[in-house]
Amino acid sequence: MSKPTVGFIGLGVMGAAMASHLLDAGYALTVYNRTKSKADTLIARGAKWVENPADVASASDIVITIVGFPKDVEEVYLGEHGILSAKKGGYVIDMTTSSPKLAKKIYAEAKRRSIAALDAPVSGGDIGARNASLVIMVGGDRAAYDAVLPMFECIGRTIRYFGEAGSGQYTKMANQIAIASGMMGVAEAIVYAEKAGLDATEVLETISGGAAGSWSLSNLGPRMIKGDSAPGFYIKHFIKDMRIAIESATEMNLDLPGLKLAKRLYDELAARGMEDDGTQAIIRWYLSDEQRRK
3 MSKPTVGFIG LGVMGAAMAS HLLDAGYALT VYNRTKSKAD TLIARGAKWV
53 ENPADVASAS DIVITIVGFP KDVEEVYLGE HGILSAKKGG YVIDMTTSSP
103 KLAKKIYAEA KRRSIAALDA PVSGGDIGAR NASLVIMVGG DRAAYDAVLP
153 MFECIGRTIR YFGEAGSGQY TKMANQIAIA SGMMGVAEAI VYAEKAGLDA
203 TEVLETISGG AAGSWSLSNL GPRMIKGDSA PGFYIKHFIK DMRIAIESAT
253 EMNLDLPGLK LAKRLYDELA ARGMEDDGTQ AIIRWYLSDE QRRK
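One point on numbering: in my numbering, the residue at position 251 of the sequence shown is 253, and numbering is uninterrupted.
Structure representation (structure tokens):
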């Protein structure tokens with residue numbers, strides 16, 4: 003039996019690698035991105051380019067989106083040339099980290115049009131996208147999840163269904179909450195080790211094998227030590243995620259001081275012009291003015 007045609011919208015740091023894995027797996031691919039040049043490699047490999055999200059929808063059995071912000075998600079799905087204006091049946095999957103409330107809105111509108119909608123945000127950054135080892139957290143109807151699971155398995159290693167629409171986004175918020183304070187901890191451990199005259203690389207290699215071990219420590223800690231701020235995940239997108247998490251926590255009458263502190267530090271970095279740096283640039287908050295300029 004032939005595989006379904008997949009439409010892919012959003013070919014940024016993670017999306018391009020994810021789409022490439024689907025091509026490798028034999029899926030026919032239709033693509034759209036605001037900057038067409040980011041699709042050139044995929045087009046050269048056989049992906050079909052179209053001019054807007056509606057054209058992606060009309061040409062595809064399954065549409066995947068991974069864009070920047072909730073406002074982009076809303077425009078891509080519900081705008082004048084949005085996916086839901088053209089899709090008839092099939093599946094739509096938003097893999098952007100977005101608002102649980104918006105995920106529920108898209109699900110309801112899609113269902114009204116006999117379309118199965120899933121919210122399936124991912125974790126693992128550029129490394130996970132390149133290695134097809136992403137964590138995928140899914141909300142929506144179980145039957146839709148089961149139908150598209152083989153496709154998820156082409157791009158992710160840990161894939162779990164959590165329940166009704168919005169559940170994937172709530173799970174991703176829990177993920178971002180855990181990361182937020184953890185990133186401060188990794189940066190503080192490095193600057194502390196260096197201040198004590200230790201080799202920070204050796205310290206990280208040692209403590210990563212114990213209770214302090216984490217993905218951020220092992221993957222982003224070395225980038226902090228090298229001063230490598232290239233984005234695997236942008237500060238501006240992390241700030242967006244933290245804002246959504248704080249808003250949803252407030253709706254549940256939860257106070258999360260660690261999350262709020264992390265957001266304040268990242269807001270300060272963004273105000274210094276670092277919003278397009280990777281999240282590991284948090285270490286620059288702790289450095290002296292002289293060190294920051296290097």
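For glycine and all other residues, C-beta sits at the position ideal for the given N, C-alpha and C.
Asked, Found
"Per DSSP, Lys50 forms a beta bridge with which residues?", "Thr32"
"Would you tell me roughly how many angstroms separate the C-alpha atoms of Asp257 and Ala30, rounded to the nearest one?", "46 angstroms"
"Among the candidates Gly91, Leu136, Arg115 and Gly142, whose CA atom is the shortest distance from the CA of Leu104?", "Gly142"
"DSSP on Asp26, reduced to helix/strand/coil?", "helix"
"Per DSSP, what kind of secondary structure is Leu256 in: helix, strand or coil?", "coil"
"From Thr32 to Ser62, what does the alpha carbon distance come to, in whole angstroms?", "7 angstroms"
"On the CB-based measure, 16 or more other CB atoms within 10 Å of its CB, does Thr37 come out buried or exposed?", "exposed"
"What three-state label does DSSP hand Glu292 in the structure shown?", "Residue confidence is low: Glu292 scores 42 on pLDDT, short of 50, so the model does not pin down where it sits. Its coordinate-derived value is still stated next. Reduced to three states, the DSSP call for Glu292 is helix."
"Between which two residues does the beta strand (DSSP E) harbouring Asp96 extend?", "Tyr93 to Asp96"
"Going by the CB atoms, is the gap between Arg162 and Met139 shorter than 8 angstroms?", "yes"
"For Glu76, collect the residues of the same chain with a Cβ closer than 7 angstroms to its Cβ; drop the 5 residues on either side in sequence, then sort them by chain order.", "Leu104"
"Taking the straight line between their C-alpha atoms, what separation do you get for Glu253 and Ile246?", "11 angstroms"
"Look up Val4 in the DSSP assignment and say whether it is helix, strand or coil.", "Checking the sequence, you will find Ser at residue 4 rather than Val. Here Ser4 sits in coil by DSSP."
"Quick check: the Cα distance between Ala232 and Arg114, rounded to an integer number of angstroms?", "42 angstroms"
"Whole angstroms are fine: how far does the CA of Leu267 sit from the CA of His83?", "38 angstroms"
"From this set, Gly199, Asp243 and Asn221, which residue's C-alpha is nearest Gly234's C-alpha?", "Asn221"
"Could you give the DSSP three-state label for Ser125: helix, strand or coil?", "strand"
"Does the count of Cβ pairs from the stretch 167 to 178 and the stretch 196 to 207 closer than 8 angstroms reach three?", "no"
"What are the boundary residues of the beta strand (DSSP E) that Ile66 is part of?", "Ile64 to Thr67"
"When you compare the CB positions of Gly48 and Leu25, do they come within less than 8 angstroms of one another, or not?", "yes"
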